[in-house]
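Comments concern the structure below.
There are 2 protein chains.
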Amino acid sequence: MDTTRDPDLTRQRILEASAKEIHRQGFQAASIANILVDTGLTKGALYHHFPSKKDLGLAVVDEMVGVRLIERNIAPLREAAHPVLAMIDLIGRKQAQDEEYIRLGCPLNNLMQEMSPVDEDFRSRLNRILAMWQDTFEDALRRSQMAGEVRGEVNCRAAALFIVSAWEGCTGIAKNMQSVESYRACMSQLQSYVASLLKN
Amino acid sequence: MDTTRDPDLTRQRILEASAKEIHRQGFQAASIANILVDTGLTKGALYHHFPSKKDLGLAVVDEMVGVRLIERNIAPLREAAHPVLAMIDLIGRKQAQDEEYIRLGCPLNNLMQEMSPVDEDFRSRLNRILAMWQDTFEDALRRSQMAGEVRGEVNCRAAALFIVSAWEGCTGIAKNMQSVESYRACMSQLQSYVASLLKN
DNA sequence: ACACCAACATACCAATCGGTATGTAATGCC
DNA sequence: GGCATTACATACCGATTGGTATGTTGGTGT
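Protein sequence lines correspond, in order, to chains U and W.
What the first sequence shows, in the numbering used here, is residues 1 to 200, in sequence order.
What the second sequence shows, in the numbering used here, is residues 201 to 400, in sequence order.
What follows is the structure in structure tokens.
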């Protein structure tokens, strides 16, 4: 039998299947049984790699949700020459998001809304990611402000908080409306708001 | 025994207990057993008034979540003399929201995020409420625009969509941060955005 | 080659879930 | 005042849940 064992890959497959299931059903409604069917594994395998469903969920938060958000929405701004212009460009690019993603919503936002009030461990980890995102926006605004691109009276920290909030708000509302059009219209308004922070 | 029967009151008590439980746990995680303990009733009573948990949830959406949102966030704008000023005032008043409400988030937004992708009946009813809210904002903007208070180039429909989205985004983010301060800062930014739609 | 441990598979368990069938008491109608 | 119907209470059920105890097999160091 060519049953090669690769524990790291197995763990990764579990994480990916879990991320998908959690994205679709939410964490609490996510079924371990579904994840097992999807991966073709058994309970023995899963509980060998993760001590409990909660630990699995926290690993998904850190290693999937967090990592993906960093590489998609944080990294592009880190070393941009004109940070705020890069933000506007980034928001514009998001309007090409595919329909299923809009229907299911932002994984970070979904988990925050579901888990924050009921589990402190989830909340603190999700908050770490959220804070990182807000800090990146704040830093981008501040750098552009020092470069004279953003108006001096702008409160960078508050604006960054608002941008993150409005961003997640747009995805959340579009998710309910199941409307790509609404999503684009809303993100376009957000884009205008950010542009309004620029001089002239 | 003074066991007076009042079916309407009983039904209302079930709805109120259910709204509370759903607000705390979400719909799917909401426990019928908890609702029964809270009301002091039994399964027979609950399933006499509501054929299923889902029907109970839908009734909570229509009769509790929807009604409360209308009287708190829609009615104050309907016949305001200066609609946009009333909006700014309304947003300002929300900053006095108590801590528990911020921790648990907006019931409408919570249910949208949880239920929209997994149940079409919930989604359509929640969407009705959401559309009513957006329409009210749009109408307020348009009326103020015709009165010459709002700038002519403002796209009222898109702006209304953005305001609703940002509003729910603020409550959602503040819920995760568990921070009254962040909530106020965020809503204050939203207030500034709405003010920026005014002339001068 | 043998031992040992990690990497799985199988079988089972208690608890909780929403839902139902049945019983009983209060209320409104004639 | 009997009688039907509404308004509940009690007891029970199958399904699903996350979790565990116990096996079995593959890789690895010596």
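C-beta: ideal position from N, C-alpha, C; glycine also.
Identity of the residue in U:Met132, U:Thr136, U:Leu41, U:Ile22 nearest Thr10 of chain U by Cα: U:Leu41
Beta-carbon proximity of Glu149 of chain U to His82 of chain U, cut-off 8 Å: yes
For Ser392 of chain W, the first and last residue of its enclosing alpha helix (DSSP H): 380-395
Under 7 Å from the C-beta of Glu368 of chain W: neighbouring residues of chain U: Gly169, Gly172, Ile173
For Cys170 of chain U, the nearest candidate out of U:Ala158, U:Met187, U:Arg93 (CA to CA): U:Met187
For Val350 of chain W: DSSP bridge partner residues: W:Leu398
Buried or exposed by the 16-neighbour rule on C-beta atoms within 10 Å, applied to Gly44 of chain U: exposed
Alpha-carbon to alpha-carbon, Ser192 of chain U and Val284 of chain W: 20 Å
Backbone CA spacing between Ile88 of chain U and Glu368 of chain W [nearest angstrom]: 22 Å
8 Å contact criterion, which Ile222 of chain W and Ala230 of chain W should meet: CB distance rounded: 5 Å
Contact set for Gly226 of chain W: own chain, Cβ-Cβ below 7 Å, skip 5 residues either direction: Asn310, Glu314
Beta carbon of Gln95 of chain U nearer than 8 Å to that of Ala359 of chain W: no
Straight-line gap, Gly152 of chain U to Gln145 of chain U (C-alpha atoms, nearest Å): 6 Å
Which of helix, strand or coil DSSP assigns to Asn376 of chain W: helix
Cutoff 7 Å; reference Pro276 of chain W; Cβ partners in own chain excluding five residues on either side: Ala286, Leu290
7 Å Cβ cut-off: residues of chain W touching Phe137 of chain U: Those within 7 Å of Phe137 of chain U in chain W number zero; the least Cβ separation is about 12 Å.
Element boundaries [alpha helix (DSSP H), containing Met115 of chain U]: 107-115
Cutoff 8 Å: Met1 of chain U Cβ touching any chain W Cβ: Residue confidence for Met1 of chain U is low, a pLDDT of 43 falling below 50, so the modelled location carries little weight and cannot support an answer.
Collapsed DSSP secondary structure at Met201 of chain W in the structure displayed: Confidence is the limiting factor: at Met201 of chain W the pLDDT is only 42, short of 50, which leaves the residue's position unreliable, though a coordinate-based value still follows. The answer is coil: DSSP assigns Met201 of chain W none of H, G, I, E or B.
Residue environment, Met377 of chain W, which counts as buried when at least 16 other CB atoms sit within 10 Å: buried
Run of the alpha helix (DSSP H) containing Gly244 of chain W, from where it starts to where it stops: 243-249
Chain-ordered chain U contacts of Val265 of chain W [CB-CB under 7 Å]: Simply none; closest approach about 13 Å.
Euclidean distance between Cα positions of Thr239 of chain W and Glu216 of chain W: 9 Å
Best match in U:Val37, U:Gln28, U:Glu71 for proximity to Lys53 of chain U [C-alpha to C-alpha]: U:Gln28
Cβ-based contacts, 8 Å cut-off: residues of the segment 309-332 of chain W near chain U: Asn309, Asn310, Met312, Gln313, Glu314, Ser316, Pro317, Val318, Arg323, Leu326, Asn327, Leu330
Straight-line gap, Val265 of chain W to Phe322 of chain W (C-alpha atoms, nearest Å): 12 Å
As assigned by DSSP and simplified to three states, the class of Gly6 of chain U: Reading the sequence as shown, one finds Asp at residue 6 of chain U and not Gly. DSSP places Asp6 of chain U in coil when its eight states are reduced to three.
Beta carbon proximity, Asn201 of chain U to chain W, threshold 8 Å: The structure shown does not extend to residue 201 of chain U, since chain U is modelled only from 1 through 200, so no value can be given for it.
Inter-residue Cα distance where the pair is Val60 of chain U and Arg303 of chain W: 23 Å
Which of helix, strand or coil DSSP assigns to Glu16 of chain U: helix
Cβ shell of Arg278 of chain W (< 8 Å), same chain only, five flanking positions each side left out: Thr336
Selection of the segment 292-308 of chain W by Cβ proximity to chain U, strictly under 7 Å: Arg303, Leu304, Gly305
Which of helix, strand or coil DSSP assigns to Phe162 of chain U: helix
CA nearest to the CA of Ser127 of chain U, picked from U:Leu141, U:Arg143, U:Leu58: Reading off the sequence, residue 127 of chain U comes out as Asn, not Ser. It is U:Leu58 whose Cα lies nearest to the Cα of Asn127 of chain U.
Enclosing alpha helix (DSSP H) for Asp319 of chain W [first to last residue]: Careful: Asp319 of chain W lies outside any alpha helix (DSSP H) and carries neither H nor E.
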